[in-house]
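Right, one structure below, let's go through it.
Residue numbers (our numbering): 1 to 668.
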């Protein structure tokens, strides 16, 4: 760092001969009459600033008033810089008193050179200076606070060192103000219209005051961050002095105030918590205590003590921080945003083929036992649908937490499953976070793509399943958990076991009950039912009448092998409904992969009888399907007390489609 002597202007001695010489040299440098290096009496950084000022189109012999910031934008800037202005105010008042016998003014600028505040503005000296002025090298040429911003260092400019002739009798001393990360926040400048009243002490004063403002600003910034942290945690926070008297709380503490019956500030921690022995232990030993469940004595409200930590200053306890949580915070977290919405029950699963009926019957039996279930099947077959139905059958009031093991980066999957303590790793939330297993407490944990779980994590999961206990990443306390585990995979786990990619002991632990969801191509009549269901859903969502599926389009859909299973069929019908014309889905309305598919020779896939010509449109409404649909409409009308809107909602139809069906089936 430069010494104060190096930061001073050589013109501070008010040498008029030297000043006149520098005025001429400045003009000569700008006109390129002399080389900048020939100017020995002026610091090189100032000469460089003269050249930049000239390149910006400024002329030292002419002065144009610098622009003012737009009033609305300046108002926004003042709000943004409120902490800096508040921190500087007492120091500016102090400076004002110290320099009351000297003609000068004091300015605070932001890091861009916009003047935020002015005290003791000069009058009658040929220029005006007011808050909101954009006072930079680009607008007025070389000036002290502009140089201070560029160099991020204190500087003093006198007389003709400034670019404009209007400042040739003025001296300025500027010092920077930084935040705690070393980012420039603004500058403090002391300006005198009389060189004789500006001396080496003025720069030292500017530096001293800027450092004071900087320290106060950094404290205010830390307090603001601290306040924001207080209000953005789910924990109840109490701060007390060394005698246990509460001196500060966060807004969450209102939950206790409502129970306590009076203000917490000024109350004793022991009065609020009910003379709990753990607080006495902290006071006596000076050690931190954490992870304790307790009940407030004046209410049945149960709380969980995250920690009580003594605040120490020079080995002496100056106060205590008490962090509390409501014991039901985990249940609240499970209801949102982590819990997946359960959309399917056994009654709402589409499919009445023998394969589907057998699968539903078996899954329903398994649901009433608490043993772990492994669901196997190709991608898109609906393994998650059966997981949701099993959960709804067995634990409908508990949370349903779904985790895709393949979708989480390997370095994050442990913290996602088991949760973590605050500060357990870089990027961790300060207050920590419960894991998916903890959130599933009292409900169901569905681990999809279990075959993609890293081996090292499989060992931990096995221990959790055996002990029904978890520990947060970075934690030291075991947490009991009770959940139903359902896993799913599209891989052959026994093959993975043989290749040492999956633990054999974990495989047998998770597969007490096994369900195998057949691919769509093996589920016969399910395809037709799913097609009709998806047509109904997409038409209702778009508020349009249901298009009719032509037999030729139906034939193509039935002969296709559906490698993407139900998920692919769903997307196909969405596309077909969108592309349909005149209320009919024809072959040309289907995706290209359906049209170009060639079934293997000797295929036994279901085909309509008799097989229709591709160009022939036969509306498919067999008597049995009509009867089923008519009964469903009558039932929905009965359940909704003959309200069309309610019945349409039950059936997943638009109102116009339901009216048409009622008329078609002559339902009174």
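Each residue gets a CB set at the ideal place from its N, CA and C atoms; glycine is no exception.
So residue i and residue j are supposed to be a Cβ contact under 8 Å. How far apart are they, rounded?
i           : j           : result
residue 530 : residue 350 : 5 Å
residue 84  : residue 186 : 6 Å
residue 188 : residue 174 : 7 Å
residue 436 : residue 417 : 5 Å
residue 307 : residue 323 : 5 Å
residue 527 : residue 558 : 6 Å
residue 242 : residue 318 : 5 Å
residue 46  : residue 142 : 6 Å
residue 671 : residue 562 : Here the chain covers residues 1 to 668 and nothing more, so residue 671 does not appear.
residue 144 : residue 129 : Actually they do not touch by this definition, with Cβ atoms about 13 Å apart.
Return the CA-CA distance between residue i and residue j, expressed in angstroms with no decimal places.
i           : j           : result
residue 653 : residue 465 : 44 Å
residue 280 : residue 245 : 14 Å
residue 383 : residue 402 : 12 Å
residue 655 : residue 645 : 6 Å
residue 595 : residue 569 : 14 Å
residue 125 : residue 193 : For residue 125, the predicted structure reports a pLDDT of 48, less than 50, and the residue's modelled location is therefore unreliable. A value from the coordinates is still provided. Rounded to whole angstroms, residue 125 to residue 193 spans 8 Å at the Cα level.
residue 409 : residue 311 : 38 Å
residue 392 : residue 566 : 21 Å
residue 250 : residue 237 : 6 Å
residue 348 : residue 381 : 16 Å
residue 682 : residue 542 : Residue numbering for the chain in the displayed model covers 1 to 668; residue 682 lies beyond these limits and cannot be assessed.
residue 678 : residue 102 : No answer is possible for residue 678: it lies beyond the span of the chain, which begins at 1 and ends at 668.
residue 650 : residue 580 : 25 Å
residue 344 : residue 533 : 14 Å
residue 284 : residue 277 : 11 Å
residue 320 : residue 282 : 9 Å
residue 493 : residue 264 : 58 Å
residue 336 : residue 71  : Annotation note: pLDDT 39 at residue 336 (below 50); position unreliable, coordinate value reported separately. C-alpha separation (whole angstroms): 44 Å.
residue 287 : residue 267 : 22 Å
With residue i as the anchor, note down where its beta strand (DSSP E) starts and where it stops.
i           : result
residue 378 : First-last for residue 378: undefined, no H or E at that position.
residue 413 : Residue 413 -> not in any beta strand (DSSP E); alpha helix (DSSP H) instead, spanning 413 to 418.
residue 189 : 184 to 192
residue 110 : 105 to 110
residue 469 : 469 to 471
residue 158 : 155 to 158
residue 171 : 171 to 178
residue 478 : 478 to 480
residue 31  : Premise fails: residue 31 is in no beta strand (DSSP E) and is neither H nor E.
Quick one: what's residue i bridged to in DSSP?
i           : result
residue 237 : 323
residue 404 : 448
residue 549 : 585
residue 485 : 445
residue 118 : 107
residue 68  : 133
residue 249 : 238
residue 310 : 320
residue 268 : 245
Mind checking whether residue i and residue j have CB atoms under 7 Å apart?
i           : j           : result
residue 467 : residue 441 : no
residue 640 : residue 647 : yes
residue 106 : residue 116 : no
residue 325 : residue 235 : yes
residue 54  : residue 92  : no
residue 737 : residue 372 : Given a span of 1 to 668 for the chain in the structure shown, any question on residue 737 remains unanswerable.
residue 132 : residue 69  : yes
residue 421 : residue 475 : yes
residue 462 : residue 414 : no
residue 216 : residue 178 : no
residue 510 : residue 489 : no
residue 149 : residue 66  : no
residue 599 : residue 378 : no
residue 363 : residue 394 : no
residue 577 : residue 538 : yes
residue 507 : residue 560 : no
residue 34  : residue 160 : no
For residue i, would you say it is in contact with chain B, using Cβ-to-Cβ distances shorter than 7 Å as the test?
i           : result
residue 445 : The chain inventory of the structure shown lacks chain B, comprising one protein chain alone.
Return the first residue and the last residue of the alpha helix (DSSP H) that residue i is part of.
i           : result
residue 527 : 526 to 542
residue 577 : 565 to 579
residue 139 : 137 to 140
residue 53  : 44 to 55
residue 516 : Counting along the chain, residue 516 falls outside any alpha helix (DSSP H), though it belongs to the beta strand (DSSP E) covering 513 to 516.
residue 89  : 82 to 98
residue 285 : 277 to 285
residue 385 : 383 to 394
residue 493 : 493 to 498
residue 523 : No alpha helix (DSSP H) contains residue 523, which DSSP labels as neither H nor E.
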